[in-house]
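Quick note on my numbering: the sequence shown kicks off at 76 and runs consecutively.
Just so it is clear, CB atoms sit at the ideal spot from N, CA and C, and this is done for glycine as well.
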Amino acid sequence: MRATFLRGSLAVVGVIALVGGCKAQVTGEGGKHPPGAGVSGPAAQAPSASPSDDAKGPAPTRSAKPAPPPKVLMARGDSGKRVRELQARLRQVAWLFEGPTGTYGPATAKAVEGFQGKRGLPRTGSTDTVTWARLVGMTHAPTRDELYASGGQPAAKPDPRCMTGRAICISKTSRTLTWLVDGKALLTTDVRFGSQFTPTREGTFRVYWKSRHHVSTIYHTPMPYAMFFSGGQAVHYSSDFAARGYSGASHGCVNVRDEGKIASLFAQVRNGDKVVVYW
């Protein structure tokens, strides 16, 4: 009878277990679950935190180093061929209106600052690598005439015919006049020539007449300090050349724009002195 009671009790426990949805677990020592036994769901997949993880804190972030400023190539006070090229390129894009001088002065700095501001660059007035690259990309390599639009070009090598005696040596290539005595240069100045329709003659000539306050009988324009060497063609001062530079031309004469230099030349030159006009 006792055995029958035990079997009945066991049957009741089994029914309760089935109704409760429980699952029989196998336990190890001390009633603890063996590693991994009976664990399911998210808790089973989450890794255990290492004690040192909390101590470390969040990983540090690296801040990007600021880019170095562009290198300054030219600035106020500089001079030379590269400054002259900068000025010629600024003239091409209408930021500078005076002719290249080769000196980085206030007008050049102001032109560079305007160019920079128009393109969203820092308005420093100095020409750095970024500004120079933008300007070069928008312009062409300046010609010699553009580089020396207002004169200042180096004198050309004197023609061999100028190296003896007293000679006014005039180069159409460099657009300069050099006064030489026995091969020694005493004075050099910028000059302008006739247009293609009224060209200045080339060759070797002689000064045959000097006229300090001459006025053209054909064009009725002043020709101060005129030194005639070929027909009506003369070396003389030109106020138009002084005002307009190489944007104009003569009617065949050799124009000088520096009045002080032409006055000095006029005082030194004699009738019979050579005049050599060459390329």
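Asked                                                                                                       : Found
Between the CA atoms of Pro299 and Ile337 - distance to the nearest angstrom                                : 9 angstroms
As assigned by DSSP and simplified to three states, the class of Val168                                     : coil
Local conformation of Ala186 per DSSP, three classes                                                        : helix
With 16 other Cβ atoms within 10 Å as the buried cut-off, status of Phe42                                   : Past the edges of the chain, shown from 76 to 354, lies residue 42, and the structure says nothing about it.
Unbroken stretches of the beta strand (DSSP E), 3 residues or longer, contained in the segment 216–251      : 241–246
Arg241 to Ala184 span [Cα, whole Å]                                                                         : 44 angstroms
Gln162, DSSP secondary structure in three states                                                            : helix
Length of the line joining the Cα atoms of Gly269 and Lys146                                                : 45 angstroms
Classification of His354 by the beta-carbon crowding that lies within 10 angstroms, buried from 16 upward   : The amino acid occupying residue 354 in the given sequence is Trp; His does not appear at that position. By the neighbour-count rule (16 or more Cβ atoms within 10 Å), Trp354 is not buried but exposed.
Contained beta strand (DSSP E) runs [length at least 3] in the segment 311–338, N- to C-terminal order      : 329–331
Sufficient close CB pairs (3 or more, under 8 angstroms) joining the segment 281–292 to the segment 222–240 : no
Cβ-based burial, Phe272 [other Cβ within 10 Å; buried from 16]                                              : exposed
For Thr178, the three-state DSSP class (helix, strand or coil)                                              : strand
Sheet register partners of His288 (DSSP bridge)                                                             : Pro299
Three-state class that DSSP yields for Phe304 in the structure shown                                        : strand
Same chain, Cβ closer than 8 angstroms to Ser115, neighbours up to 5 away in sequence not counted           : Caution applies to Ser115, whose pLDDT of 43 falls short of 50 and renders its modelled position unreliable; the value that the coordinates give is listed next. Cβ within range, chain order: n/a, list empty.
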